[in-house]
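Residue numbers (our numbering): 53 to 292.
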C-alpha cells in the first residue's frame, strides 16, 4: 500500500539527513520528521493511500506549521479540526529558546498553512474529499535558524551546504512521485516548481501556484482568489 511506502521513504530521508552540519549563519536545525514523527506518520497513514492525480509541493517547514505538527503547511487548527490529527510532539535537541516546539499547544498560527489549507477546505467538502485525488508534501523537512531565532529558508543557504540535502530530498521526491503516480506536479512557489522540474518525466504536467507566504505581497493582497484562478487554469478544479 502506498501509505506504507511513503512512510518508508520518509524514514529513509530522515536517516539520510541525520548528522549533517551547517555553517554560519545556521545556528540551529530542526527536523520534525524526528521529533514529530508520529504525527507525520498519522498524516501519511490517513491521507497517503492509493494513487493521486495531483501532487502539491512546498519548500520546507514553517516555524508554526510543520515545525510544530509534522504535517506539511500544518497550521494547527486545520490539522486538528479539518484533518483530525492531534497528539503529542517531542522536542528537538538542541532547541532554540526563542523557537520552542510546543506541538498542538502552540498559540501562534502559521499564515502560509492557514491560507493554503483554508483554500482547500473552501474548495472541497472535507479533507477526505481533497485527499482522494490530491496530496501535499514538502521538498525538505529541515528548518534552519540563525542564532537570533530568525528563520532561514533553503534558498538563503549556500550551494555547498545544500548539495547533500537537496540530493537526498530529490531522491525522496522521486520516490514519492513513483509511489503516488500523480499526473500533475504543482509547485507551491517557484522553488518547489524548480525541484519538481528536476525529477519529472515527460508525461507529467508541471505547474505552479502562488506561495501563500506573508512575505509575498501578491499573497497578502489575495492569495485565495489568485490561487483559485491558477487552479482553474491548471484544470485542477472546475469553474464554479
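For each residue, glycine too, the CB sits at the ideal point set by N, CA and C. Everything numeric in this text was worked out from a predicted model, so none of it was measured.
Checklist entry - Between the beta-carbon of residue 201 and the beta-carbon of residue 109, is there less than 9 Å? => result Position 149 of the chain shown holds residue 201. Position 57 of the chain shown holds residue 109. Their beta carbons are not under 9 Å apart, which means residue 201 does not touch residue 109 by this criterion.
Item to check | Whole runs of the beta strand (DSSP E) within the segment 133-200, excluding any shorter than 3 residues | outcome: With a minimum length of 3 residues, the continuous beta strand (DSSP E) runs that stay inside the segment 133-200 are 186-190 and 195-197.
Next on the checklist: To the nearest angstrom, how far is the alpha carbon of residue 254 from that of residue 154?
Outcome noted: Here the question's residue 254 lines up with position 202 in the chain shown. Here the question's residue 154 lines up with position 102 in the chain shown. A straight-line Cα-Cα distance of about 43 Å links residue 254 and residue 154.
Next on the checklist: Tell me the DSSP secondary structure of residue 105 in three-state form.
Outcome noted: Along the chain shown, one-based indexing puts residue 105 at 53. Coil, per DSSP.
Checklist entry - Which residue or residues does DSSP assign as beta-bridge partners of residue 236? => result As a working note, residue 236 is residue 184 in the chain shown. According to DSSP, residue 236 bridges with 106 and 257.
Item to check | Close Cβ partners of residue 142 (< 6 Å) along its chain, the five nearest in sequence each way excluded | outcome: The residue you call residue 142 lines up with position 90 of the chain shown. Excluding sequence neighbours, residue 142 sits near 87.
Checklist entry - Between the C-alpha atoms of residue 256 and residue 247, what's the straight-line distance to the nearest angstrom? => result Start at 1 with the first residue of the chain shown, and residue 256 comes out as number 204. Start at 1 with the first residue of the chain shown, and residue 247 comes out as number 195. The straight-line gap from Cα to Cα measures roughly 14 Å.
Next on the checklist: Does residue 209 come out as helix, strand or coil in the three-state DSSP assignment?
Outcome noted: Counting from 1 along the chain shown, the entry for residue 209 is found at position 157. The answer is coil: DSSP assigns residue 209 none of H, G, I, E or B.
Item to check | Straight-line Cα distance separating residue 197 from residue 151 | outcome: By one-based count along the chain shown, residue 151 stands at place 99. By one-based count along the chain shown, residue 197 stands at place 145. In this structure, the CA atom of residue 151 is about 9 Å from the CA atom of residue 197.
Checklist entry - What's the C-alpha gap between residue 135 and residue 189? => result Translated into positions along the chain shown, residue 135 becomes position 83. Translated into positions along the chain shown, residue 189 becomes position 137. For residue 135 and residue 189, the distance between alpha carbons rounds to 15 Å.
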